[in-house]
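Each residue of the sequence shown is one higher than the last, beginning at 1481 in the numbering used here. Read through the structure below, which is laid out as structure tokens, and then see the notes.
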Amino acid sequence: VLESLFLGLLFSTLDVSIVYTSLLTISLDLRDFVKTPWVALSYFLTFVSLATPFAKASDIWGHRRTLLWAWALFTIGSLGSGFATSIDQLIFFRAVQGCGGSGLYSLVQIGLFDI
């Protein structure tokens, strides 16, 4: 249990900044320099804005169920980002990934207090 909590914390915090190193390559590959900053911003904005709603959701539906939903969102966002063929798809899936990452981050903090 503790390993999965720490793994979620690692992935969610790592994805906040890891994309910055590859933004130039992404913009060259997808041929769009104007929307490229939104790749990082979409993750960060959803990550920051959904921490409190995820904590409230875990009070309503339970920590375990909400954590599984956060993992599912993060995984779907990660897979979608990996297979994105346009900058708009990448921005969308990074936002989905940020939703899941926000849940992972906030629910790990809650889960550590439960242990």
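Idealized CB from N, CA, C, for every residue including glycine. Computed from a prediction, not measured in an experiment: that's the story for all the values here.
Practice item. Kindly indicate which three-state DSSP category residue 1573 falls into: helix, strand or coil? Key: In the structure shown, residue 1573 sits in a helix (DSSP, three-state: H, G or I).
Check your understanding: To the nearest whole angstrom, what separates the beta carbons of residue 1563 and residue 1584, a pair I think is in contact under 8 Å?
Key -> Actually they do not touch by this definition, with Cβ atoms about 21 Å apart.
Check your understanding: To the nearest angstrom, how far is it from the Cα of residue 1496 to the Cα of residue 1575?
Key -> Taking the straight line joining both Cα atoms gives about 11 Å.
Check your understanding: Quick one: what does DSSP say residue 1534 is sitting in, helix, strand or coil?
Key -> Note: residue 1534 maps to helix in three-state DSSP.
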